[in-house]
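**Q**
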Amino acid sequence: MTASRIALVTGANQGLGRALVEGLAARMQPDDLVLLTGRNPQRVSEAAHEVAQLPGSRARVEGRVLDVTDSGAIGRLADELRMRHGGLDVVISNAVARVLPDESQSARADEFIDVSNTATHAILRSFGPVLRPGGRLLVVASSLGTLGHLDPRLHHLFDGADLDQVEDAVESWRTAVHNKTAQEAGWPRWLNVPSKVAQVAAVRALAAERRERDLADDVLIASVCPGMVDTATSRPWFSDYSHAQSPTDAARAVLDLIFTEPVDPALYGELIRFGKPLPWHDGTPPIEQDRLLTP
1 MTASRIALVT GANQGLGRAL VEGLAARMQP DDLVLLTGRN PQRVSEAAHE VAQLPGSRAR
61 VEGRVLDVTD SGAIGRLADE LRMRHGGLDV VISNAVARVL PDESQSARAD EFIDVSNTAT
121 HAILRSFGPV LRPGGRLLVV ASSLGTLGHL DPRLHHLFDG ADLDQVEDAV ESWRTAVHNK
181 TAQEAGWPRW LNVPSKVAQV AAVRALAAER RERDLADDVL IASVCPGMVD TATSRPWFSD
241 YSHAQSPTDA ARAVLDLIFT EPVDPALYGE LIRFGKPLPW HDGTPPIEQD RLLTP
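Residue numbering for the sequence shown follows full-length UniProt numbering, starting at 1 and increasing by one per position.
#1: Hey, T118 and D282: beta-carbon distance below 8 Å or not?
#2: Buried or exposed for S142, please, with buried defined as at least 16 other CB atoms from any protein chain shown within 10 angstroms of its CB.
#3: For L36 versus A47, is the C-beta spacing smaller than 8 Å?
#4: What's the gap between the Cα of T294 and the Cα of L150?
#5: Please report the straight-line C-alpha distance between I74 and E209, rounded to a whole angstrom.
#6: Report the start-end ranges of each beta strand (DSSP E) in the stretch 13-57 that is 3 residues or longer and not cut off at the edges.
#7: Please report how far the alpha carbon of R64 lies from the alpha carbon of R108, in whole angstroms.
#8: Cutting at 8 Å between CB atoms, please list the residues of its own chain near P277, excluding the five before and the five after it.
#9: Beta-carbon separation of L88 and R132 under 8 Å?
#10: Within a Cβ cutoff of 6 Å, which residues of the same chain sit near residue 379, ignoring the five residues on either side of it in sequence?
#11: Determine the burial state of A42: buried for a count of at least 16 other Cβ atoms within 10 Å of its Cβ, exposed for fewer.
#12: CA-CA distance, V91 and S172?
#13: According to the Cβ coordinates, are V193 and P286 closer than 8 Å?
#14: Enumerate, from N- to C-terminal direction, the unbroken beta strand (DSSP E) stretches of 3 or more residues contained entirely within the stretch 254-290.
#15: Relative to the C-alpha of I6, which residue among Q165, R60, Q105 is closest?
#16: Reducing DSSP to helix, strand and coil, say where R108 ends up.
#17: State buried or exposed for R291, treating a residue as buried only when at least 16 other CB atoms are found within 10 Å of its CB.
#18: Cβ atoms of V140 and V219: under 8 Å apart, would you say?
#19: For G134, which residues of its own chain have a beta-carbon under 6 Å away from its beta-carbon, when the five flanking residues on both sides are left out?
#20: Report buried or exposed for D214, applying the criterion of at least 16 other Cβ atoms within 10 angstroms of its Cβ.
#21: Tell me the residue span of the alpha helix (DSSP H) that contains P197.
#22: Within the continuous alpha helix (DSSP H) that includes A97, where are the two ends?
This is the structure we're talking about:
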């Protein structure tokens with residue numbers, strides 16, 4: 001990457017998001033700018049200051065308050081960066097709502113969907129158009145984002161869908177949760193499954209519209225699976241963490257993807273894990289998790 005680049009990471013106060021900011025600050029140049037964003041002003045300010053003081057940081061690091069559930073705020077920030085800098089070069093959508101196994105999934109559905117899905121749609125719509133040549137727009141998802149993890153009755157909602165259709169499918173899911181008809185329709189009680197599938201589907205939808213132009217400009221739009229990461233969000237869900245990565249280790253493969261040039265066309269629009277695309281139609285519904293969840 002060249003000098004004077006602009007990067008932005010959401011959900012960056014802690015965990016993987018902060019590790020991604022640290023990695024960007026270490027790999028980018030002194031004239032570059034990394035924006036660490038989050039909802040809490042104090043945490044954002046403290047995290048940005050701490051990252052900027054790390055011995056390996058080279059790029060400038062600034063904190064920006066951004067509530068990803070506010071689509072208007074996302075749009076305004078994209079417009080600001082376009083006007084001030086002509087666009088930006090790296091966007092990593094990483095924000096996620098934390099839900100514990102003993103919490104009611106249905107009661108937390110709105111917050112989870114707003115943070116993970118509505119925000120993803122807004123980021124794709126707002127930041128996609130302001131990516132500069134050579135840009136990277138990545139959405140952090142998981143291997144649960146492959147279509148086969150959903151009941152086959154739901155596949156048509158996401159397979160080959162455009163972004164409007166993905167948004168409609170997400171809102172249909174939200175409505176079914178509120179109406180207590182979600183399980184009858186085939187939606188799993190575990191929010192993370194349809195949420196991740198919808199995230200990946202949204203990325204695929206935008207990528208399908210832009211593929212030819214983006215590859216000509218060396219632009220990558222993709223979703224990424226960082227693997228199992230030892231964070232406060234994921235730890236309550238697993239009893240065996242012997243193979244979990246630290247956030248710093250997990251960030252490495254994502255950063256390698258960002259800084260590899262040129263873009264591999266086989267990765268464009270795909271869900272990528274450790275540099276390899278995961279088959280979109282792979283997976284089976286993980287029904288075993290439903291038995292562990294509070295209604």
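No residue lacks a Cβ here, since even glycine has one placed at the ideal position from N, Cα and C.
**A** According to the data block:
#1: no
#2: buried
#3: yes
#4: Low per-residue confidence applies at T294: pLDDT is 44, beneath 50, and the placement is therefore not dependable, though the value from the model is reported in the following sentence. Rounded to whole angstroms, T294 to L150 spans 20 Å at the Cα level.
#5: 21 Å
#6: 33-38
#7: 26 Å
#8: A266, L267, E270, L271
#9: yes
#10: One cannot answer for residue 379 here, as it falls past the ends of the chain, which runs 1 to 295.
#11: Here residue 42 is Gln; the residue named in the question, Ala, does not match the sequence. With fewer than 16 other Cβ atoms within 10 Å, it is exposed.
#12: 28 Å
#13: yes
#14: 271-273, 276-278
#15: R60
#16: coil
#17: Because R291 sits at a pLDDT of 47, beneath the cut-off of 50, its placement in the model cannot be relied upon, and the point is left open.
#18: no
#19: D218
#20: buried
#21: Correcting the residue type first, residue 197 is Val in the shown sequence and not Pro. Where V197 is concerned, the enclosing alpha helix (DSSP H) stretches over 192-216.
#22: Where A97 is concerned, there is no enclosing alpha helix (DSSP H), given that its DSSP letter is neither H nor E.
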